[in-house]
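> One structure follows; several queries about it will come next.
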Amino acid sequence: MRKNSSRSGLFLMEIILAILAFSVVSAICLQLFVKAHNLGQDTKDLDMAVREASSIASIINQSESPMEVLKTLYPDSKIDESSRSAILYYDQAYQPCSSDLSVYQIHISSSPIDGQTTAYIISVRKDNDSSKIYTLEVTAYQQYIP
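So the sequence shown is numbered by the working numbering: it starts at 147 and just counts up by one.
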């Protein structure tokens, strides 16, 4: 009878070790899945930020008064023509929205270089994060038409 008891104790120890090994491997796999999800989300944010910043850069380069055009296209944005800056608000799906529903913001600031050239800085940020997702610098030349 004594030998049977030691065998069951050994079998129990093997089961405990197998469960422990399975638990460790499961924890490692779970961490990898979380990291992959976060990396995918960061990549999506960067891709959408590049697209939106490029779209705004095109608007800036192709219009004579870009702040007025932006005000028309983004009615819920905060555009201050006196300080030559703007803040555009976007929701989770990168659709323009009001400031209280926003998840992402695009900050646009401009400074004149000379009479016909203006430098713009377009920065895309997440609302709850002070770090920038993407920054684009654009120089726009406004042709003089008499």
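Beta carbons are placed, not taken as given, at the ideal position from N, Cα and C, and that holds for glycine.
Within its chain, find whatever has a CB closer than 7 Å to the CB of Asp273; leave out the 5 residues flanking it on each side and keep chain order.
Translated into the one-based positions of the sequence shown, residue 273 becomes position 127. Excluding sequence neighbours, Asp273 sits near Ser248, Val249, Tyr250, Gln251.
> Assign Arg153 to one of three DSSP states: helix, strand, or coil.
Translated into positions along the sequence shown, residue 153 becomes position 7. It is helical.
> Going straight from the alpha carbon of Tyr240 to that of Thr264, what length do you get?
As a working note, residue 240 is residue 94 in the sequence shown. As a working note, residue 264 is residue 118 in the sequence shown. C-alpha separation (whole angstroms): 27 Å.
> With respect to the beta strand (DSSP E) encompassing Leu282, which residues constitute its N-terminal and C-terminal limits?
Sequence index remark: in the sequence shown, residue 282 carries index 136 (1-based). Element bounds for Leu282: 278-287.
> Need the endpoints of the beta strand (DSSP E) that Val215 sits in, please.
By 1-based counting over the sequence shown, the position of residue 215 is 69. Premise fails: Val215 lies in the alpha helix (DSSP H), 212-219, not in any beta strand (DSSP E).
> Where Lys278 and His253 are concerned, what is the direct C-alpha to C-alpha distance, given to the nearest angstrom?
To locate residue 278, count along the sequence shown from 1; it is residue 132. To locate residue 253, count along the sequence shown from 1; it is residue 107. C-alpha separation (whole angstroms): 10 Å.
> How is Arg197 classed by DSSP in three states: helix, strand or coil?
Counted from its first residue, the sequence shown places residue 197 at position 51. Helix.
> Which two residues bound the contiguous beta strand (DSSP E) that contains Tyr240?
Taking the first residue of the sequence shown as 1, we reach residue 240 at position 94. Careful: Tyr240 lies outside any beta strand (DSSP E) and carries neither H nor E.
> Is the separation between the beta-carbon of Val112 and that of Ile225 shorter than 7 Å?
This structure does not reach residue 112, given that the chain is present from 147 up to 292, and the question cannot be answered.
> Buried or exposed, going by whether 16 or more other CB atoms sit within 10 Å of the CB of Val270?
The residue labelled residue 270 in the question sits at position 124 within the sequence shown. That one is buried.
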